[in-house]
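Here's the structure we're looking at; comments come further down.
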DNA sequence: GAGTTCACGATTGTAAACAATTTTTGTCAA
DNA sequence: TTGACAAAAATTGTTTACAATCGTGAACTC
């Protein structure tokens with residue numbers, strides 16, 4: 001039963017733990033659990049409403065119940081997981097209103113963000129973004145679904161990271177994560193989050209220090225994503241079984 | 249010893265728990281502990297680097313150690329508390345770099361935020377802001393230090409809340425909290441965070457639907473706050489004892 | 001056959017005991 | 001007096017056991 005939770009989908013893909021961290025302080029190692037579940041959600045391997053049982057996670061990660069509980073609490077504070085009293089933790093399932101709020105928040109933050117990047121571009125960080133786009137391209141070429149999804153979101157996270165501002169990076173990271181959940185829930189056609197070359201164009205505009213263009217491209221990019229959603233889609237009906245079977 | 253932690257400064261001031269909540273889901277009641285400590289930090293009754301011992305908090309709130317631990321974990325995930333392995337929880341102590349990042353983040357977010365509010369003002373929420381300013385005035389008239397400090401920060405939080413966007417509200421809340429820590433650390437003169445009537449002017453500009461003016465006023469308001477700081481101030485030396493004695 | 005009730009198993013919440021680490025205290029020597 | 005060392009106390013981290021709650025399924029009634 002439930003192979004996603006029992007370790008299969010969570011334990012693989014530890015390869016990409018090099019650069020994509022943002023905000024977790026190196027306090028202890030329950031951050032590893034958080035990171036793993038976080039990635040699984042980002043890559044849409046864990047569908048909304050999936051139950052994350054304590055026992056299952058304990059077995060999966062080989063840690064005590066305390067660690068798992070603390071990890072779940074952290075995830076819930078980031079809005080990735082819903083903690084229902086006495087009935088466990090479930091992958092968050094944003095509703096229509098929350099989805100709109102997420103996009104509204106991104107529309108508020110990201111335009112000034114790219115403007116700022118275009119105004120005083122930071123050599124180093126922009127190189128990272130160029131590398132990132134190369135990764136996206138190869139992933140698309142090889143048609144790796146989960147990788148494409150994760151990298152699509154991560155582009156925006158890295159955009160925020162390249163400001164060098166910890167707080168901006170963390171805020172964007174949260175918004176991007178929720179966007180991933182939303183696209184998984186309401187994404188209608190096969191357009192896995194981001195159209196092909198829009199990221200490239202945005203980065204180009206930044207590198208050529210054209211704030212107006214960069215902002216315009218970003219806004220329409222976000223609009224494309226939002227317009228690709230069908231807000232009347234599955235919503236509530238998705239129960240655990242369907243989610244799991246559908247994702248494999 | 250340490251009357252701040254032992255319940256004195258934390259247990260009073262439960263009067264203001266009506267309107268000022270933002271993001272905490274009503275999961276359980278450890279949020280009450282979080283809320284109390286949060287307020288104490290906001291009002292600068294808990295100085296940075298103050299140790300928050302588990303035993304002390306247990307006595308103060310009359311709850312088990314588990315609850316306290318979970319509350320501290322949540323506070324640390326919000327950057328209000330630093331968890332040092334095997335040596336306990338301390339009120340966060342932002343350094344110069346973090347302080348700059350906080351203001352940079354606010355400079356990025358708040359201008360478009362007030363622009364948006366000025367463009368389509370939301371009757372209801374603006375009334376709340378008007379009420380709030382009245383509160384600020386009376387607090388200033390009666391010279392209540394902690395109240396002034398808290399309300400000064402809360403104005404910005406409520407500004408964000410009045411967008412009706414949960415995510416924007418939460419982000420601002422975090423930034424404002426850290427600002428309060430920063431002002432407590434680096435605030436030089438007696439100017440308790442916010443000059444007197446700048447909030448009023450900003451709100452007026454919003455209500456008269458003048459986005460440009462609102463943005464300009466807000467930017468200079470933030471600059472005033474930042475310029476009122478002495479970045480070379482106490483920094484590290486402040487140890488627990490001094491902090492506690494100094495704040496009473 | 002549909003719906004309700006009850007009991008059992010499974011899962012989560014809490015408290016207490018234990019282990020490990022840190023901080024303090026006291027002693028001794030230079 | 002100062003410094004180093006060691007033992008004791010206090011604090012935090014973890015495991016374990018226990019209590020409470022929830023979900024499931026069988027038995028029962030209508």
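Chains as they are written, first to last, in our numbering: chain A, 1 to 248; chain B, 249 to 496. Backbone N, C-alpha and C fix where the C-beta goes; we use that ideal spot for every residue, glycine too.
For the putative contact between residue 318 of chain B and residue 278 of chain B, defined by C-beta atoms under 8 Å, what is the C-beta separation to the nearest angstrom?
5 Å
If we cut at 8 Å on Cβ distances, does residue 342 of chain B have a partner in chain A?
Between residue 342 of chain B and chain A, the shortest Cβ-Cβ separation is not below 8 Å.
Assuming residue 206 of chain A contacts residue 117 of chain A (C-beta within less than 8 Å), just tell me the rounded distance between them.
5 Å
Can you find a CB in chain B that lies within less than 8 Å of the CB of residue 102 of chain A?
yes
Kindly provide the ranges of any beta strand (DSSP E) runs that are 3 or more residues long and lie completely inside the segment 16–93 of chain A, ordered along the chain.
81–84 and 88–91
Give, in chain order, every residue of the segment 406–418 of chain B whose Cβ lies closer than 7 Å to some Cβ of chain A.
413, 414, 415 and 416
Going by C-alpha to C-alpha distance, which of A:135, A:45 and A:230 sits closest to residue 187 of chain A?
A:230
Checking contacts by CB at 8 Å: is residue 456 of chain B closer than that to chain A?
no
Can you tell me where the alpha helix (DSSP H) holding residue 401 of chain B begins and where it ends?
393–409
DSSP puts residue 229 of chain A in a beta bridge; with which residues?
A:187, per the DSSP bridge assignment.
Could you please give the first and the last residue of the uninterrupted alpha helix (DSSP H) stretch that includes residue 373 of chain B?
371–389
Helix or strand or just coil, what does DSSP make of residue 209 of chain A?
coil
Under 8 Å, Cβ to Cβ, is there at least one residue of chain B near residue 211 of chain A?
no
Report the option in B:472, B:426, B:410 and B:357 whose CA atom is closest to the CA atom of residue 326 of chain B.
B:426
Name, going along the chain, the residues of the segment 39–71 of chain A whose beta-carbon falls closer than 7 Å to a beta-carbon of chain B.
70
Give the straight-line distance between the Cα atoms of residue 399 of chain B and residue 376 of chain B, rounded to the nearest whole angstrom.
13 Å
Would you say residue 381 of chain B lies against chain A (beta-carbon separation less than 8 Å)?
no
Which value, in whole angstroms, describes the spacing of the CA atoms of residue 497 of chain B and residue 415 of chain B?
With chain B covering 249 to 496 only, the question about residue 497 of chain B has no answer from this structure.
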